[in-house]
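Residues are numbered in my numbering as their position in the sequence shown, beginning at 1, plus a constant of 1.
Quick notes on the structure that follows.
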Amino acid sequence: MALSNRNLLPAHLTRDDWFTQMSEPADLDYWRLFHGVDGRVPVNGLTFGIRVLHRFLRSC
2 MALSNRNLLP AHLTRDDWFT QMSEPADLDY WRLFHGVDGR VPVNGLTFGI RVLHRFLRSC
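The structure is reproduced here in structure tokens:
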């Protein structure tokens, strides 16, 4: 069973409207890693995105 937050989104947003900032290495094969059956993200990129989102939310 796949988990989804689709029912938690505001009515005017779709699942495709959500994204997170991420820092990627220049040689990253984006389409193979992110949109494959075994989708993955680099840990360094994810931690960068967390820091950006945290900084943004603290400034609101």
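Glycine is no exception: its CB is placed at the ideal position from the N, C-alpha and C atoms.
All values derive from a computational prediction rather than experimental measurement.
Apart from the five residues on each side of it in sequence, which residues of its chain come closer than 6 Å, Cβ to Cβ, to L29?
Walking along the sequence shown from the start, residue 29 turns up at place 28. Excluding residues within five positions, none has a Cβ falling inside 6 Å.
If I'm right that G46 touches E25 with Cβ under 8 Å, what's the distance once you round it to whole angstroms?
The residue labelled residue 46 in the question sits at position 45 within the sequence shown. The residue labelled residue 25 in the question sits at position 24 within the sequence shown. Yes, they are in contact, since the Cβ atoms of G46 and E25 sit about 5 Å apart, within 8 Å.
Using three-state DSSP, classify G46 as helix, strand or coil.
Along the sequence shown, one-based indexing puts residue 46 at 45. Of the three classes helix, strand and coil, the one that applies to G46 here is helix, per DSSP.
Are the CB atoms of F49 and M23 within a distance shorter than 8 Å?
Position 22 of the sequence shown holds residue 23. Position 48 of the sequence shown holds residue 49. Cβ atoms of M23 and F49: closer than 8 Å.
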